[in-house]
Amino acid sequence: MTRPPHDPHPHPHARAPEPAGPLRAADRRKPGRFDLRRPVPRLLALGAGTLLAATAIIVTTSAAAAAAPADGPPVPTDAAPLPMGRPAAPVFPNTGPGTEPDAGATSSMVEILQAPAQDAPPARNERPAEAAEASGRAPAARKPAARPGKPGGLAPPSKTMHLDHAFVTDVLRSRDIEWRSTGNCSDREKPTCTSFDGLRWTTLDGLLRFADKSGCRIVVTGGTERGHAPGRHSHYNGYKIDIAPTPCVDREIEGYDREGVRGDGSKLYRSPEGGLYARESDHWDITYT
């Protein structure tokens with residue numbers, strides 16, 4: 027086959043490369059959406075790098091702060107680790123079994139325990155003596171508390187309080203005061219008995235005061251049982267009590283002020299405490315009002 031004279035290619039289907047030159051706009055490849063050549067991806071990459079660097083700095087600073095020793099008193103090296111935020115306990119000398127405690131520390135502790143307690147401050151509503159004198163009023167004196175263990179001097183809650191037989195006998199027994207009855211009984215309704223049921227507190231207190239002041243041996247022969255003279259201030263109502271006469275008792279009562287003679291001829295004596303003593307034939311009849 028004869029080639030045409032105008033065909034420059036040695037092969038009929040081969041084409042020579044086109045000469046190099048400027049590319050057309052259609053032949054240029056556009057950069058991708060996340061191509062770093064674009065401004066937005068560049069800004070995103072810069073922000074991510076900055077965030078990673080800040081995180082690394084924070085982690086390093088926290089680790090250094092945790093490794094630094096905490097402020098506070100020294101802690102033994104063999105002590106158990108303390109939780110965070112709790113102050114370390116001070117180190118005390120060993121005083122366990124088999125060791126001798128520090129003599130100085132022991133003596134100081136004993137002095138503290140044996141030191142007398144300071145007087146309590148007065149209450150807010152209490153006024154001192156100086157303030158009372160400034161206001162023109164005399165300061166009130168403190169009344170001594172009653173001593174139950176001391177004969178006499180009972181603090182009666184009420185003059186009209188009536189006692190029972192068991193209570194009165196317990197009190198008399200504790201003060202070495204005896205009592206007796208012809209019937210050897212304590213029934214209040216029987217005249218031959220000696221009963222203390224219904225005895226007034228003031229009557230018992232007056233008897234205890236008399237026994238304490240006189241120092242005599244006291245024997246009670248009559249209480250609140252029936253068989254005595256009636257009246258408002260009678261035995262049955264708890265105002266009177268009878269005791270046996272003895273030289274000691276007679277001497278004590280006869281030293282009181284005379285109050286004349288009663289209607290039945292009994293001599294009357296008045297004690298400084300207000301008790302009225304009547305000398306009957308075989309006993310002293312005592313009234314406390």
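With our numbering, the residue at position 120 of the sequence shown is 146, and numbering never jumps.
Glycine residues also receive a C-beta, built at the ideal position from the N, C-alpha and C atoms.
Predicted, not measured: the structure shown is a model, and the values here were computed from it.
Inset, instruction - Closer than 7 Å by C-beta to residue 206: which residues in its own chain qualify, once you throw out the five before and the five after it? Chain order, please. - result: 220, 245 and 247
Buried or exposed: residue 235, going by 16 or more other Cβ atoms within 10 Å of its Cβ? buried
- Query: Taking the alpha-carbon positions, what's the residue 184 to residue 250 distance?
  - Reply: 19 Å
Of all the options 237, 188, 189 and 192, which has the alpha carbon lying nearest to the alpha carbon of residue 203?
-> 237
Cβ-Cβ distance between residue 306 and residue 292 below 7 Å: yes
Exercise for review: Run the CB neighbour count on residue 69, radius 10 Å, all protein chains shown included, and call it buried at 16 or more, exposed below.
Suggested key: exposed
Item checked: Endpoints, alpha helix (DSSP H) assigned at residue 198 -> 191-200
Could you name the residues of the same chain whose beta carbon sits closer than 7 Å to that of residue 131, not counting the 5 residues immediately before and after it, in chain order? Confidence in residue 131 is poor, its pLDDT being 42 and thus under 50, which makes the residue's placement too unreliable to answer from.
- Item | Segments assigned alpha helix (DSSP H), at least 4 residues, entirely inside the segment 248-315 | 273-279
Quiz prompt | Short Cβ contact (7 Å threshold) for residue 254 with residue 224 | solution = no
TODO: Assign residue 280 to buried or exposed, taking buried as 16 or more other Cβ atoms, counted over all protein chains shown, within 10 Å of its Cβ.
DONE: exposed
*Taking residue 195 as the reference, which of 212, 186 and 257 has the closest Cα?*
212
* To do: Out of 87, 228 and 201, state which residue places its alpha-carbon closest to the alpha-carbon of residue 265.
  => 228
*Between the Cα of residue 226 and the Cα atoms of 77, 199 and 314, which residue gives the shortest distance?*
314
*Quick one: what does DSSP say residue 243 is sitting in, helix, strand or coil?*
coil
Which of the three DSSP states, helix, strand or coil, is assigned to residue 206? coil
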